[in-house]
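Asker: Before I ask anything, let me first share the structure, which is written out below as structure tokens.
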Amino acid sequence: QKEVEQNSGPLSVPEGAIASLNCTYSDRGSQSFFWYRQYSGKSPELIMFIYSNGDKEDGRFTAQLNKASQYVSLLIRDSQPSDSATYLCAAASGSARQLTFGSGTQLTVLP
Amino acid sequence: SQTIHQWPATLVQPVGSPLSLECTVEGTSNPNLYWYRQAAGRGLQLLFYSIGIDQISSEVPQNLSASRPQDRQFILSSKKLLLSDSGFYLCAWISAGGYGYTFGSGTRLTVV
């Protein structure tokens, strides 16, 4: 059974702070990893993906992957109230690149 | 540009009624297509995926079925809805060589 685990939160950070979101996965065959942001009542939107060990930066977002520890994280620098949403971690595996999602972490950025 | 269309946006159906949700993708050929369901306050559960016309794989046994009659059309159906079928249904696609899904806007289904 492939599983992706996330702390459900809620996680609250003040505006301008760094938000740190974490995720672990069970399937060592997972090939790539994704972070999606989902606003309430909306569909998820892709923020970042990572497939190599180490860090990947895109603007205020940094994804980190450690395959040995089966651990993925997302850092959001200079957090803004508009970053308040649920963040979903996902791992891809299988010939059809099926994504297994975690249950999400709810983030609130306080003005 | 590639776009994904999903309809209807909301649906209220009685228990035992049939269901048909449709998803179409524009601007790409031979995409992988997926149906997910999100129960209230929960993560996304993969229901079906398809790598080509009439090639459907089911992840979770239940009273739902899926079909792909055309390359860029994916349909989710049920003959008789259950209360437990309520949720947010999302269609997604990915192109060959692409990374990460693009989701449709979703259908919020309430079975009463």
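The listed protein sequences correspond, in order, to chains Z and R.
Okay, so the first sequence: first residue is 1 according to the numbering used here, each after it adds one.
Okay, so the second sequence: first residue is 1001 according to the numbering used here, each after it adds one.
The beta carbon of each residue, even a glycine, is placed where N, CA and C say it ideally should be.
(1) Does any C-beta atom of chain Z lie closer than 7 Å to the C-beta of I1053/R?
(2) For chain R, is any of its Cβ atoms less than 7 Å away from the one on L65/Z?
(3) Taking three-plus beta-carbon pairs below 8 Å as touching, is the region 101-111 of chain Z in contact with the region 2-18 of chain Z?
(4) What are the residues in the region 1027-1050 of chain R lying within 7 Å of chain Z by C-beta distance?
(5) Identify the continuous beta strand (DSSP E) that holds V1025/R and give its terminal residues.
(6) Scan the region 63-96 of chain Z and note each continuous beta strand (DSSP E) run of 3 residues or more that stays entirely inside, going in chain order.
(7) Report yes or no: is there a C-beta of chain Z within less than 7 Å of the C-beta of Q1021/R?
(8) For the region 1030-1041 of chain R and the region 1065-1075 of chain R, state whether three or more C-beta atom pairs, one from each stretch, are separated by less than 8 Å.
(9) Quick check on Y1089/R - is its C-beta less than 7 Å from some C-beta in chain Z?
(10) To the nearest whole angstrom, what separates the beta carbons of G104/Z and Y87/Z, a pair I think is in contact under 8 Å?
(11) Over what stretch of residues does the beta strand (DSSP E) that includes Y1089/R continue unbroken?
(12) Straight-line CA distance for V1060/R to Q1045/R?
(13) Is Q80/Z close to chain R? Criterion is C-beta to C-beta, closer than 7 Å.
(14) Using a beta-carbon distance below 7 Å, is G16/Z in contact with chain R?
(15) Whose Cβ in chain Z lies nearer than 8 Å to the Cβ of F1074/R?
(16) Do P1008/R and T1107/R have their C-beta atoms closer together than 7 Å?
(17) Over what stretch of residues does the beta strand (DSSP E) that includes D55/Z continue unbroken?
(18) How about S1105/R: is its C-beta nearer than 7 Å to some C-beta of chain Z?
(19) Among Y71/Z, I50/Z and M48/Z, which residue has its Cα nearest to the Cα of N22/Z?
(20) Quick check on F101/Z - is its C-beta less than 7 Å from some C-beta in chain R?
Answerer: In this structure, then:
(1) no
(2) no
(3) yes
(4) N1032, R1042, G1043, L1044, L1046 and Y1049
(5) L1019 to E1026
(6) As summarised for the region 63-96 of chain Z, the continuous beta strand (DSSP E) elements at least 3 residues long and confined to that stretch are 71-76 and 85-93, given in chain order.
(7) Rather than Gln, the amino acid found at residue 1021/R in this sequence is Leu. No, its Cβ sits nowhere closer than 7 Å to a Cβ of chain Z.
(8) yes
(9) no
(10) Going by Cβ atoms, the distance from G104/Z to Y87/Z rounds to 6 Å, so yes, they are a contact pair.
(11) G1087 to I1094
(12) 9 Å
(13) no
(14) no
(15) Under the 8 Å cutoff, chain Z gives no residues; its nearest Cβ is about 13 Å from F1074/R.
(16) A contact, by the Cβ cut-off of 7 Å.
(17) G54 to D58
(18) Taking 7 Å as the CB threshold, S1105/R lines the interface with chain Z.
(19) Y71/Z
(20) It does: the Cβ of F101/Z has a partner Cβ on chain R nearer than 7 Å.
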